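Protein chains in written order, with the numbering used here: chain W, 296 to 564; chain D, -8 to 280.
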Amino acid sequence: MARWIKWTIGLLCVAVIVGAIYLPILRRRMARAAKLQQQTAEQARRELTQAVPVNPGEPKVKAKFYWASGNGDGSLVETTIELPLSSEPVLRSKQVLNTLLAGPVDAELRTLPPDAVLLAFYILPRGTAVADFSEALATAIPSGIQSEQMAVDSITRTLEANVPQVQRLKILIHGQEVETLAGHLDLMGTFVVNTKSVQESPAVPAPVTTPVTTPVAAPPSATSPASTRKPAAPSTDKPAATPPTAKPSAGALTPGEGPGTLAQPEREL
Amino acid sequence: MLLDVRNIVGTKRRALGRNGIRVGALAFSLVPGVLALGFYARTLAKTPAAPFRQSSTTPSPLQTPSQANAQGTPETSQPPSTKAGLNVVVLDPAHGGTDPGARGTGGIRESEVVLDFAAQVRKALEAQGFQVVQTRQGNEDPTFDDRSAIANAQTGAVFVTLHIASTGLPGTARVYVNWDLPGTTEAGGVIPWDRAQVPFQGLSRKLGDMVQGLLAQRFKGSPNLAQTAAVRQLRTTAAPAIAVEISSVVVDDRADLDRMAPGVADAIATGVAQFRPSYVVASTPGGTP
C-alpha cells in the first residue's frame, strides 16, 4: 500500500475520532446557548411587560385570587390579598393577573407556570376581554384536562371576583389564537367570566331547541371520513335529552366568539 | 559525496512534499463527508420510533392481537351488531404520532398508555356486545376533526376519548363532559361543525355520570359525578361524548397505571351498557337524538 494512502487513512481516522469527541460537546454548547438566549428573552419580556404601574394613592382593596387547593382534585381555593388596585378595568385586570401569575406563597399551589407572562390585555365593548399570554403558558403547563381547566378557571374566577366589567375572556398565546392550551383545553372560543352579566345580556346567540332533523355541518377538512355522511333524517320519537339551556358557569366556553366575531361588537358601537 | 547526500535528501523532501499535498487534499475533501455521515447517523439514532415500531417489537401485555397487527385506518371490531339503538362505541386513544401528550419523569408517555388502555376497553365493550371503532390503532395522530368525524359518520354511537393526566391523585379517574356550549343552528337547521356536541350535551352528561359513578366505586378518591371541562375533542363530536382521564403519568412505575386498565375498561363498558336504554338513536349518522 502506498505511503500516502496510509497517511490519508490515518488522518481520516484521526479526523473521525476528533469529530466524534467534539461534536457532542459542540451540541451541548449550542443547546446551552439557546437555552440561555431563551431565558434572557423571557426575562426581558417579563421586565418590559409585567411592570404594571401601581398608583400608591389608590386605596387598598381586598383582592381575591384563586389558586390550587392542593387536594390534587383540581379544585381552587380563594385567597384574599390587600392590594392598591386601580379603578380602571384594564389596568386593574393586568394587576390582578400579574399577581395571579406571580403565584401564591406555596409554589406547589400555582395554577399557572412561573415563566408565563401577560403580554397584553384589553377589553372590547360589551365586556369581552382579550388576554395575551407568552408561549410559556402553553408549553410549561402540565398537560392534561384537569391541569389546563384549573389554569383557565383560576384566571376567569380571579377576574370575575375583581373586575366586574369583564364578562367574557378570550385567551391568546403570543398574539395568536391557538386550538388548545396544551393539547386538551379548547381555546377557540371565549370563556364566561361574569355569569350574572352574561345571563342578563347575552352576547352570543341564545340557545335554541335543536330540531330533530338537524344535520351536522361538514368538518373544515373535506378529507375526513364524515364528508361521506348521508344527510340526516328525523330520528325516532321521544328525545332522551333536551339541549341544555343551563346558565353558564364561570370558565365555561362559548365557542361562537372567536377572534373573527370578537370585532363585531366594536363595529356595532 | 556531500552533494549526493544533499541530492538524496532533497529528492526525499520533494517526494514527501508531494505526498503531503496529496494527503492534505484528500483529507480536506473526505473529512467533511465523513463528519456529515457521523452526524447523520447520530441524528437517525435520536429520531422517534416509526409508527407501530414499538407495538410490533415490544408488545405490551395489554395489547390485543388486533392491535399488534394495527393499521393506520380506523378498525371496526367484528361481528357488527344488528341490534337497533346504541350499538357502536368510538374509542379514541388521545394524542399519538409526534404528540406524546403528558410525559412522566420515568419516561411514561400518555399516547402509548392510552393505546394499551384502549385495547382493554375494547375487549370489555365487545364482551357487552358493542361494535367498537378506534380512531387510531398505532402511533398515528389524527386531527381533532378527523377523530370526531369518525364518530359523526356512525349511527347510534357514543364517543369515549381516553387520556392520562400529568396531575391529580394517582390511582383516580375522572370523566369530563362539555356542558355550557351555547346552542345554535345556522340557516337551514344545520348545526355548525364546531358546535356538533350541542344537542348531545344532556346525553353526554348522563353517560358521563354513569361511567364516573362506576369509576368511583373502583378507584377511591375519584369524584362521584362527571366534571365539566372545555375539552376540545368533545366539541365537534355529534354523539354522546365523554373524556376519561386517569391520574397520572407521574407514577414511578408504569405497572401502577397498567393495573388500573381492567377497572377502567369494566367501568366504561358497564356504564355504556347501562346508558344504552336512555339513548334514542337517530336513524342517520350525525342525526340528533
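By construction, the Cβ of each residue, glycine as well, lies at the ideal position given by its N, Cα and C atoms. Computed from a prediction, not measured in an experiment: that's the story for all the values here.
- Annotated as proximal: D/S157 and D/S239, with beta-carbon spacing under 8 Å.
- From the beta-carbon of D/G87, no residue of chain W is found nearer than 7 Å; the closest lies around 11 Å away.
- Neighbours of W/V487 in chain D, taken as residues whose beta carbon is under 9 Å from its own, are D171 in chain order.
- Interface with chain D (8 Å Cβ-Cβ cutoff): W/T475 is included.
- For the pair D/A148 and D/Q125, the Cα-to-Cα distance works out to about 12 Å.
- For D/V222, the C-beta contacts it makes with chain W under 8 Å involve I440, H479, L480 and D481, in order along the chain.
- Taking the beta carbon of W/Q444 as reference, the chain D residues within 9 Å of it are Y167, Q218, T219, A220, A221 and V222, listed in sequence order.
- Boundaries of the beta strand (DSSP E) around W/F360: K355 to A363.
- Counting every other CB atom within 10 Å of its CB across the protein chains shown gives W/L454 a total of 16 or more, marking it as buried.
- The shortest C-alpha to C-alpha distance from D/I99 to any of D/S269, D/V242 and D/I141 is the one to D/V242.
- Contact of D/E236 with chain W by beta-carbon distance below 7 Å involves G439, I440 and Q441.
- As for any alpha helix (DSSP H) of minimum length 4 sitting wholly inside the stretch 192 to 236 of chain D, the runs are 192 to 209 and 223 to 226, ordered along the chain.
- Under the 8 Å criterion on CB atoms, W/D410 is classed as non-interfacial with respect to chain D.
- Looking only at D/V80, D/R94, D/G87 and D/L106, the smallest Cα-Cα distance to D/A252 is reached by D/L106.
- When DSSP reads this structure, W/L413 sits in a beta bridge with W/F428.
- Residues of the stretch 89 to 105 of chain D that bring their beta carbon within less than 8 Å of a beta carbon in chain W comprise D90, G92, A93, R94 and E101, in sequence order.
- Per DSSP, W/I436 is not a residue of any beta strand (DSSP E), being assigned neither H nor E.
- Against chain W, the beta carbon of D/G159 has neighbours under 9 Å at G367, D368, G369, G439, Q441 and S442, listed in chain order.
- Rounded to whole angstroms, D/A142 and D/L225 show a C-alpha spacing of 11 Å.
- In the assembly as shown, W/A397 is an exposed residue. Its beta-carbon has fewer than 16 other beta-carbons within 10 Å.
- Counting along the chain, W/T394 sits inside the alpha helix (DSSP H) bounded by residues P384 to A397.
- Pairwise C-beta distances place the stretch 402 to 415 of chain W in contact with the stretch 431 to 441 of chain W, as three or more of them are shorter than 8 Å.
- In this structure, the beta-carbon distance from D/I237 to D/Y167 does not fall below 8 Å.
- Of W/V372, W/E472, W/Q462 and W/V400, the smallest CA-CA separation from W/D427 is found for W/E472.
- Along the length of the stretch 113 to 169 of chain D, whole beta strand (DSSP E) runs at least 3 residues long occupy 122 to 125, 148 to 155 and 164 to 168, reported in chain order.
- Excluding the 5 residues flanking it on each side, D/A256 has same chain C-beta neighbours closer than 6 Å at Q111, V112 and A115, in chain order.
- At least one C-beta of chain W is nearer than 8 Å to the C-beta of D/A156.
- Between the alpha carbons of D/N169 and W/S381 lies a gap of roughly 36 Å.
- For D/V79, the enclosing beta strand (DSSP E) begins and ends at V79 to P84.
- For W/T451 against W/L464, the beta-carbon gap comes to about 6 Å, under 8 Å, which counts as contact.
- Restricting attention to alpha helix (DSSP H) runs no shorter than 4 residues, the stretch 238 to 276 of chain D encloses them at 245 to 249 and 252 to 266, ordered along the chain.
- Here the C-alpha atom of D/G162 lies approximately 15 Å from the C-alpha atom of D/L153.
- Residues Q441 and M445 of the same chain have their beta carbon placed closer than 6 Å to that of W/G369, with the five preceding and five following residues left out of the count.
- Burial state of D/Q208 is exposed, judged by a 10 Å Cβ sphere holding fewer than 16 other Cβ atoms.
- The beta carbon of W/T374 lies closer than 8 Å to those of K359, F360, Y361, W362 and P399 in the same chain, with the five residues before and after it left out.
- Between the beta-carbon of D/V104 and that of D/I259 there is about 15 Å, and that puts the pair past the 8 Å contact cut.
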